[in-house]
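Using this note's numbering, you'd call the opening residue of the sequence shown number 118 and step up by one each time. We put the CB at the ideal spot given by N, CA and C, even for glycine. Beneath this line is the structure, given in C-alpha cells, with notes to follow.
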Amino acid sequence: MVNFASKLTFGPTTADWQQRLNVERMRQYRMERARKIMRKNGIPVLLEAGGTNIRYLTALRGFAYPMCRFVLFFAEHDPVMYEHNGYYHMMPDQAPWIKEWRPARSWLTGACGIEASQDE
Numbered sequence: 118m119v120n121f122a123s124k125l126t127f128g129p130t131t132a133d134w135q136q137r138l139n140v141e142r143m144r145q146y147r148m149e150r151a152r153k154i155m156r157k158n159g160i161p162v163l164l165e166a167g168g169t170n171i172r173y174l175t176a177l178r179g180f181a182y183p184m185c186r187f188v189l190f191f192a193e194h195d196p197v198m199y200e201h202n203g204y205y206h207m208m209p210d211q212a213p214w215i216k217e218w219r220p221a222r223s224w225l226t227g228a229c230g231i232e233a234s235q236d237e
C-alpha cells in the first residue's frame, strides 16, 4: 500500500480562490487572546514599543530600530498606534484595522536634541 503525504491545505500566500491563511481571523485571534490575558490579570492597558510585540498585538511590521514606534493596547478598547513620522502618513490606508493613528516621538537616547520637544 502506498502512503501519501497529508493534503496541503493552504500555501504560503493568500488567494481569493482558495481558503488559505485567513489573516483577518489571525489578527482577531491575537488581539482577543492578548485582551483575555490582560483582563485575567487586571491589566487595563499596555504601552508596547518592542517590534515583535507590536507585530503580535496589531499585525503591523515596522523597521528594526527600537523606541521609534509604540502602541497603546487596551483590554476594552481599540488600540492607538503611534507610528514613526516616516510611515505615519501612509499607514492608515495600509492597515485599516487600526482605527486611531498618531505620530510617534522618537527619543533615541536624546539624539534629536532638545528642539524635538519644542514643537508642541
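Can you check whether the CB of residue j is closer than 8 Å to the CB of residue i?
i	j	result
Met207	Trp218	no
Ala176	Arg144	yes
Tyr204	Gly179	yes
Pro220	Asn202	yes
Arg152	Ala192	yes
Met155	Leu163	yes
Val140	Thr130	no
Arg137	Tyr173	no
Mapping the DSSP letters down to three states, classify residue i as helix, strand or coil.
i	result
Arg137	coil
Arg172	helix
Arg142	helix
Gly159	coil
Met148	helix
Lys77	Within the shown structure, residues of the chain are numbered from 118 to 237, placing residue 77 beyond reach of any answer.
Tyr204	helix
Check the DSSP bridge columns for residue i and list the partner residues they point to.
i	result
Trp218	Met198
Glu165	Val188
Could you pull the start and end residues of the alpha helix (DSSP H) that residue i belongs to?
i	result
Met208	208 to 211
Any 3 or more C-beta pairs closer than 8 Å across the region 171 to 190 and the region 198 to 207 | Short answer: they touch.
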